[in-house]
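The next block holds one structure in the form of structure tokens; read it before the comments.
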Amino acid sequence: MPESQDQSIRTALDRARTAEAPVDASTSRILEAAIADLWTRIQAEQDTIILTPDEFALFNYFLGRYRVDHESITQRVVNRYWNSFHDSKGAKK
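The letter at position 47 of the sequence shown is residue 57 when you use our numbering, and the numbering goes up by one with no holes.
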């Protein structure tokens with residue numbers, strides 16, 4: 011993903027997290043497009059995908075949407091992220 015697109019998603023996610031009112035249409039469009047792309051990748055690579063910190067932040071924001079109907083997939087993705095993150099920092103499993 012291009013850096014400018016990553017930055018756009020990070021900015022939109024920050025706006026959504028801090029919004030006191032409903033999220034504006036532009037922010038919503040950016041986040042919905044990003045999560046749709048990410049969810050497609052997750053489904054295609056559900057047994058191997060390891061999210062980046064930015065991808066995990068986006069996924070975590072929308073986790074409630076997927077957790078009920080896809081609990082097994084979401085749990086594996088979350089576990090794999092944290093296991094990878096801790097492994098990369100030298101922590102023991």
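Where is the CB? At the ideal position from N, CA and C, for every residue including glycine.
In this text the structure is predicted, and so the values were computed from the model without any measurement.
Would you call residue i buried or exposed, if buried means 16 or more other Cβ atoms sit within 10 Å of its Cβ?
i	result
A35	exposed
T84	buried
A22	buried
If we call anything under 8 Å between Cβ atoms a contact, is residue i one with residue j?
i	j	result
A26	L41	yes
F69	V87	yes
I45	R51	no
State the Cα-Cα distance for the pair residue i and residue j, rounded to the nearest angstrom.
i	j	result
Y91	S14	24 Å
Q2	D64	Because the chain in this structure spans residues 11 to 103, residue 2 falls outside the shown range and cannot be described.
D57	V78	19 Å
P32	S38	9 Å
I19	D47	12 Å
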